[in-house]
Amino acid sequence: MTDTEIEITADLVRDLLREQHPDLAGLAIREVVGGWGNQMWRLGDELAVRMQRMDPTPELQLKERRWLPVLAPRLPLPVPTPVRFGEPSERFPKHWTVMTWVPGEPLDHGSISRGAHAAETLAGFLRALHVEAPAEAPIATDRGAHPRDCTDGFEYFFQAVAPDDIAAAEVRTVWDDAVAARAWEGPPVWVHGDLHPANVVVSDGTLSGIVDFGDMFAGDPAWDLAAAWLLLPAGSVSRFFDMYAHADEAAIRRARGLAATKSLFLMLMGQNGDRGLPGGKPNWGPIGRAALDRVLKGV
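Going by my numbering, 1202 is the number at position 30 of the sequence shown; the sequence numbering is gapless.
In structure tokens form, the structure reads like this:
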């Protein structure tokens, strides 16, 4: 059965629950708009079902099952925690997981009005997350490297987006500075790995939760520190790094370069959305451009 032949519907979700977790099958089921590798369905008021969709392997879900119960108790913000496992079956030959629901609005559809509070909240969350990871923690395969080892990805996004000539020179300056920065010399720490506006939720004008830990790995915290420019409003970066308190100059330089790359990625996804391409997100274009402006201004 191919991906295109699997139509994930509320009826399918309910049938799977009846087969494997019948005590949950009576709860209301509502589709959550968005998602790519996985599709989400609300299950009652406090749970969600995460269905493997475009991800070619179950690795990301299995990683969340293994490690989120370990990390969640030490984190100061709500994160989705697995409570039941759904195994492949004839009805649906992929993995699915019942997780706690993190209330709030995704930042790519919301906004932060309390910048100082959000900066302190993000810094506190990352301080708690960025502790030395155990030897058996997952290692990144497509991210987590020093910027100098990510130049192909940067060039791809840069050429695809093609910012104006003045911005292009500034973007390259930021990237080259990150490439020249000293590498992370500490022990590998836990890293979320994919902090962008669709993977955090907001309420009351500030950050209120972090979701989608499928890319978590042990490595360089700069990959998460880039979120200071991607998520926070202008003028918040200094407050964030003051509160985080564990980033030296080299880490900030690496993080800023990675934020430039991630901003270009958001802009490319916006372009793809405007063109009607699969996986495109039209609203991500302006978000990425605003983030890139913050990166270039360093605020």
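Where is the CB? At the ideal position from N, CA and C, for every residue including glycine. The structure displayed is predicted, hence computed values, not measured ones.
If you run the structure through DSSP and keep just helix, strand and coil, what is residue i?
i       : result
Ala1390 : strand
Arg1461 : helix
Phe1297 : helix
Glu1179 : coil
Met1226 : coil
Ala1432 : helix
Leu1249 : coil
Ser1408 : coil
Pro1359 : coil
Leu1449 : coil
Arg1256 : strand
Asn1455 : coil
Val1270 : strand
Leu1438 : helix
Glu1262 : coil
Leu1468 : helix
Leu1279 : helix
Ala1419 : coil
Going straight from the alpha carbon of residue i to that of residue j, what length do you get?
i       : j       : result
Pro1450 : Arg1425 : 33 angstroms
Met1441 : Pro1335 : 14 angstroms
Ala1352 : Ala1317 : 14 angstroms
Gln1224 : Asn1210 : 5 angstroms
Ile1311 : Gly1391 : 7 angstroms
Arg1344 : Leu1436 : 12 angstroms
Val1185 : Met1388 : 26 angstroms
Thr1176 : Lys1266 : Per-residue confidence for Thr1176 stands at a pLDDT of 46, beneath the threshold of 50, marking its modelled position as unreliable; the derived number appears in the next sentence. The alpha-carbon atoms of Thr1176 and Lys1266 are separated by roughly 13 angstroms.
Gly1470 : Asp1195 : 52 angstroms
Arg1246 : Pro1458 : 34 angstroms
Trp1273 : Thr1293 : 20 angstroms
Pro1228 : Leu1397 : 28 angstroms
Ile1178 : Leu1468 : 43 angstroms
Asp1314 : Lys1453 : 22 angstroms
Pro1260 : Val1204 : 22 angstroms
Asp1187 : Ala1417 : 49 angstroms
Asp1376 : Ala1300 : 22 angstroms
Ala1422 : Asp1366 : 21 angstroms
Pro1415 : Gly1296 : The amino acid at residue 1415 is misidentified as Pro; the sequence shows Met. Cα to Cα, Met1415 sits roughly 7 angstroms from Gly1296.
Asp1349 : Arg1320 : 10 angstroms
Leu1232 : Gly1386 : 4 angstroms
Thr1253 : Ala1340 : 41 angstroms
Leu1404 : Ala1291 : 7 angstroms
Ile1382 : Arg1461 : 22 angstroms
Val1447 : Trp1456 : According to the sequence as given, residue 1447 is Arg; it is not Val. Their backbone Cα atoms lie some 13 angstroms apart in a straight line.
Met1173 : Leu1234 : With a pLDDT of only 37 at Met1173, under 50, the local geometry of the prediction cannot be trusted, and no value is derived from it.
His1302 : Val1361 : 5 angstroms
Thr1269 : Gly1258 : 5 angstroms
Val1221 : Met1271 : 6 angstroms
Ala1399 : His1281 : 17 angstroms
Please list the terminal residues of the continuous alpha helix (DSSP H) segment that includes residue i.
i       : result
Leu1184 : Ala1182 to Gln1192
Val1351 : Asp1337 to Ala1352
Pro1241 : Glu1231 to Leu1243
Leu1402 : Ala1399 to Leu1403
What are the start and end residues of the beta strand (DSSP E) that includes residue i?
i       : result
Ala1200 : Here Ala1200 belongs to no beta strand (DSSP E), and DSSP marks it neither H nor E.
Ile1382 : Thr1378 to Ile1382
Val1373 : Val1372 to Ser1375
Trp1213 : Asn1210 to Leu1215
Could you work out which residue in the options is closest to residue i when comparing CA atoms only?
i       : options                               : result
Gly1325 : Ala1432, Gln1192 and Glu1191          : Ala1432
His1368 : Ala1332, Gly1358, Tyr1328 and Leu1279 : Leu1279
Arg1256 : Glu1262, Ser1283, Leu1215 and Pro1250 : Leu1215
Arg1354 : Phe1330, Asp1420 and Val1363          : Asp1420
Ser1408 : Gly1381, Pro1306, Cys1322 and Ala1288 : Ala1288
Arg1428 : Trp1395, Thr1253 and Leu1298          : Trp1395
Thr1323 : Phe1264, Pro1241, Trp1347 and Val1361 : Trp1347
Glu1277 : Gly1445, Leu1249, Arg1447 and Val1372 : Val1372
Arg1202 : Glu1191, Leu1219 and Arg1190          : Leu1219
Trp1401 : Ala1463, Val1363, Thr1181 and Gly1381 : Ala1463
His1364 : Val1251, His1193 and Gly1198          : Val1251
Tyr1328 : Met1439, Arg1263 and Asp1465          : Met1439
Is it the case that the CB of residue i approaches a heavy atom of the ligand COA more closely than 7 angstroms?
i       : result
Trp1213 : For the structure depicted, the ligand COA is absent and the ligand set is empty, with no information on it obtainable.
Where in the segment 1285 to 1335 do unbroken runs of the alpha helix (DSSP H), each at least 4 residues long, occur, reported from the N-terminal end onward?
The qualifying runs are 1287 to 1301 and 1323 to 1333.
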